[in-house]
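Per this note's numbering, the very first residue in the sequence shown carries number 3; after that it's consecutive. For reference, the structure discussed in these notes is given below.
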Amino acid sequence: MTASMTTRSMDNNDFVAIIMKDHEKVNELYDEFNTIGNAEDQQQILFEFIRELSVHSHKEALFLYPLMEKVLPDGKKLVKEAIDEHRTVETLLQQIDMLADDVQNISKIKPLFKKLMVDLTKHIEEEETDLLPSMKENLDKSTADQLLKDWQTEKVSTRPHPDAPMEASVNVLAEADRKAAQEDKLLDKKRFGSSKHANDDAKKILHH
Ligand SMILES: [Fe+2]
Ligand SMILES: [Fe+2]
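Structural data, given as structure tokens:
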């Protein structure tokens, strides 16, 4: 039956489904950004987009790409290309991130955001049509389960880091990401804490 097939393909036990869900989320946020007219609301969506895409990108670099390099026949080359693409996208995301705290910058951000989405859409398409299905075929069950577990439980940095040592060993990258995550946490506290969507108690603490 079609319904049960859909349920199965969206099963949370499937690392491909969970990665594709992330892709869907950033696409939705971009659509929302474009349909909402109010700059303050656009800014909040942007904050969320920056966090979602950063986390996704860093999880791939830490958990997915090292496996890809190991198990795909031309893994080394594919990962190198993927890292280059992440770097291009994260460089744009960093430019946006630096402008995002001032709501006056929304109009300056729009063309950068549009450019980012062109690159990102191409990258996502490659992952979904090519890389993820190959990974699913080539990963044994316990490795796939571990990847899913890491994806769901590990905390990673939440702001763009195009200069992260993505070509280095997993340990070096993980260490750099741990440090970055601590700084990002403080920055995010400031950003999301002062959000108009923050609850009243948080606002009181921040403003008094
Ligand atoms: Fe990616
Ligand atoms: Fe991705």
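Backbone N, C-alpha and C define an ideal beta-carbon position, used for all residues, glycine too.
Relative to ligand 1, the nearest heavy atom lies less than 7 Å away from the CB of residue 84. Rounded to the nearest angstrom, the gap between the Cα atoms of residue 61 and residue 151 is 12 Å. Boundaries cannot be given for residue 158, as no alpha helix (DSSP H) includes it and DSSP labels it neither H nor E. Relative to the Cα of residue 153, the nearest Cα in the group 104, 69 and 36 belongs to 69. Runs of alpha helix (DSSP H) with 4 or more residues, each lying fully within the region 73 to 124, are found at 77 to 102, listed in chain order. By the CB criterion at 8 Å, residue 125 and residue 169 fall outside the cutoff. Between the alpha carbons of residue 162 and residue 145 lies a distance of about 27 Å. Annotated as distal: residue 41 and residue 98, with beta-carbon spacing of 8 Å or more.
With the rule of 3 Cβ pairs closer than 8 Å, the region 26 to 33 counts as touching the region 41 to 56.
Taking 8 Å as the cut-off, the Cβ atoms of residue 166 and residue 186 do not count as close. Straight through space, the alpha carbons of residue 78 and residue 175 are spaced by roughly 17 Å.
Residue 51: member of the alpha helix (DSSP H) spanning 41 to 61, first to last residue.
C-alpha of residue 74 to C-alpha of residue 177: approximately 25 Å in a straight line. Between residue 164 and residue 92 a beta carbon distance of about 4 Å is seen, short of the 8 Å cut, so the two are scored as contacting.
Per the coordinates, the alpha-carbon of residue 45 lies some 20 Å from the alpha-carbon of residue 159.
Here DSSP, grouped into helix, strand and coil, assigns residue 22 to helix.
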